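A short write-up of the structure that comes next.
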Amino acid sequence: MVKTVLFDVDGVLLSEERYFDMSALAVWEVLISPNYLGIDSEKFKTNLTNEEIENIRKEIFVDDRVLKFLKAGGLNANWDMIYLTAAYQLLHLLEQVKDELENNITKWLTNEIDRKVLLEIGEALDGRDLVFDFQKFLVDFQGAKPTQQGLMDHLDYLSKEKFGVETRMFGKMDQLWSTCELVSQEWYVGDEHVLESTGRPSVQTGKAGFMSDEKVLADKEKIADLFDTLTNSGVRVGIGTGRPELETIEPFKALDWMKHFDTSYIVTADDVLRAERTHPEGPSLSKPHPFTYIKALSGKTKTDDECLAEELPVENGHETLIVGDSLADLLAARKMGCLFAAVLTGLSGKDARPEFEEYNADYILDGVLDVKNLILSLVK
641 MVKTVLFDVD GVLLSEERYF DMSALAVWEV LISPNYLGID SEKFKTNLTN EEIENIRKEI
701 FVDDRVLKFL KAGGLNANWD MIYLTAAYQL LHLLEQVKDE LENNITKWLT NEIDRKVLLE
761 IGEALDGRDL VFDFQKFLVD FQGAKPTQQG LMDHLDYLSK EKFGVETRMF GKMDQLWSTC
821 ELVSQEWYVG DEHVLESTGR PSVQTGKAGF MSDEKVLADK EKIADLFDTL TNSGVRVGIG
881 TGRPELETIE PFKALDWMKH FDTSYIVTAD DVLRAERTHP EGPSLSKPHP FTYIKALSGK
941 TKTDDECLAE ELPVENGHET LIVGDSLADL LAARKMGCLF AAVLTGLSGK DARPEFEEYN
1001 ADYILDGVLD VKNLILSLVK
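Sequential numbering of the sequence shown, starting at 641, is according to our numbering.
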């Protein structure tokens, strides 16, 4: 009998599309805005049509092939995807001037690259005939280790390969990563919430944000009915997401879903980051690490240390169903000994079915609304 259902958010309840739009715009801004590299500054603006956003994303992520490559490599955090894509294009730009700016490049690649340094690089590149090559990312990263750290470390490898510069600057969440994070949050949460989201003021104002304009993966009232049906059947509902808390709670409020949840059973990226900060020598606690779902299953009654020390598989794991759209969710559920329902509404859509079949997902559903009949059959 299933007593708890824990939902991932992106690709399950809410579309990832707005996050991917935001990610593309963040890379675009870092590369062309006069606030950063300024390579094509006259084209930068904050009020874009949906068609313009679509075209920018199509170019930067190569018809989403870059996104799919990075997700297949174990990346779930959009901030990491933005950082890798922008940092690679920075290397590509510098490669085009490596003979003229050799000494400067060595300095830039062996020190932290903050916004001030980006402006300095942009000034040095101004007036030169340079081109971006977003497709080349897929070629140059073929040899990267398919993990978050492996992908980031590959930038250091490319620095050595392209410029002969030994560096460990790219393989960590440094000032360039932090700059990309702020730009992306400006696009996603908008001017109103930037300070709350990042603790930093906007560099570029004028962004309305996508947070109040989420794309839902099924009718919002039908999803609300799903939550009602579960709770009325005695099933606890919870959330285990890689989204930050603000970006989970505010859209749920806008959709009138929060009334169905006890916030103690909502675990977000903020909870994961807090735990990682207190365990800096430990592994990443993002999915597929089971920490997110262990914490959610406990209703936050367990400390981070207790969650990390949890004996796996968890006791009565078969009484918990985890609903996700990614292999990372499946692997976390598997470690916990919980049931797993895959939904085919993530980035890969129905093409994800063979992978879920290969990893023996307990259930494969077309969409989240199918959880209703599944649970009704399992609680009897």
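Even glycine gets a Cβ: it sits at the ideal position worked out from N, Cα and C. Quick caveat: nothing in here was measured; it's all calculated off a predicted structure.
Mind checking residue i: buried by the 16 CB within 10 Å criterion, or exposed?
i: Gly882; result: buried
i: Ser663; result: buried
i: Leu778; result: exposed
i: Leu913; result: exposed
i: Ala712; result: exposed
i: Val1019; result: exposed
i: Lys698; result: exposed
i: Pro884; result: buried
i: Asn1013; result: exposed
i: Pro994; result: exposed
i: Leu835; result: exposed
i: Lys927; result: buried
i: Gln633; result: Outside the shown range of the chain (641 to 1020) lies residue 633, about which nothing can therefore be said.
From this set, the options, which residue's C-alpha is nearest residue i's C-alpha?
i: Leu961; options: Ala982, Val702, Asp704; result: Ala982
i: Lys847; options: Ser837, Met809, Gln825; result: Gln825
i: Glu656; options: Tyr905, Val954, Met851; result: Met851
i: Asp661; options: Lys935, Glu694, Asp944; result: Glu694
i: Asp1010; options: Thr941, Lys975, Lys862, Tyr905; result: Lys862
i: Ile1063; options: Glu921, Glu890, Arg917, Gly767; result: An answer regarding residue 1063 cannot be provided, because it is not within the stretch 641 to 1020 covered by the chain.
i: His919; options: Ala764, Asp944, Ala666, Ile934; result: Asp944
i: Gln736; options: Lys802, Tyr659, Ile934; result: Lys802
i: Pro923; options: Gln789, Ser873, Leu798; result: Gln789
i: Asn956; options: Ile934, Thr941, Lys942, Val963; result: Ile934
What is the residue span of the beta strand (DSSP E) that residue i lies within?
i: Ile934; result: Where Ile934 is concerned, there is no enclosing beta strand (DSSP E), although the alpha helix (DSSP H) it sits in stretches over 931-937.
i: Val843; result: Per DSSP, Val843 belongs to no beta strand (DSSP E) and is neither H nor E.
i: Tyr1003; result: 1003-1005
i: Arg876; result: 876-880
Would you mind stating whether residue i and residue j have Cβ atoms separated by less than 9 Å?
i: Gly762; j: Tyr676; result: yes
i: Leu758; j: Val670; result: yes
i: Ala915; j: Leu948; result: yes
i: Glu1049; j: Leu654; result: As shown, the chain starts at 641 and ends at 1020. That puts residue 1049 outside it, with no answer to give.
i: Phe810; j: Leu795; result: yes
i: Met792; j: Lys776; result: no
i: Thr932; j: Thr686; result: no
i: Pro930; j: Met976; result: yes
i: Tyr999; j: Leu970; result: yes
i: Val702; j: Cys820; result: no
i: Leu733; j: Leu688; result: no
i: Asp902; j: Gly939; result: yes
i: Thr644; j: Val823; result: no
i: Asp965; j: Leu979; result: no
i: Leu731; j: Leu710; result: no
i: Ile753; j: Gln815; result: yes
i: Ala764; j: Asn751; result: no
i: Val954; j: Leu967; result: no
i: Leu646; j: Tyr905; result: yes
Starting from residue i, follow the alpha helix (DSSP H) in both directions and report where the run begins and ends.
i: Thr869; result: 860-872
i: Tyr905; result: From DSSP, Tyr905 is part of no alpha helix (DSSP H); its letter is neither H nor E.
i: Gly790; result: 788-803
i: Gly762; result: 755-765
i: Val1011; result: 1011-1018
i: Leu835; result: 834-838
i: Val1008; result: Note, Val1008: premise wrong, no alpha helix (DSSP H); not H, not E.
i: Phe772; result: First-last for Phe772: undefined, no H or E at that position.
i: Trp897; result: That residue, Trp897, is in no alpha helix (DSSP H); it is neither H nor E in DSSP.
i: Phe996; result: 993-998
i: Met721; result: 718-735
Using a beta-carbon distance below 9 Å, is residue i in contact with chain D?
i: Asp865; result: Of the protein chains in the structure, only one exists, and it is not chain D.
For this session: Mind listing, in chain order, the continuous beta strand (DSSP E) runs of no fewer than 3 residues lying wholly within the segment 641-714?
Result: 644-647
For this session: Entirely within the segment 910-979 and at least 3 residues each: give me those beta strand (DSSP E) ranges in chain order.
Result: 960-964
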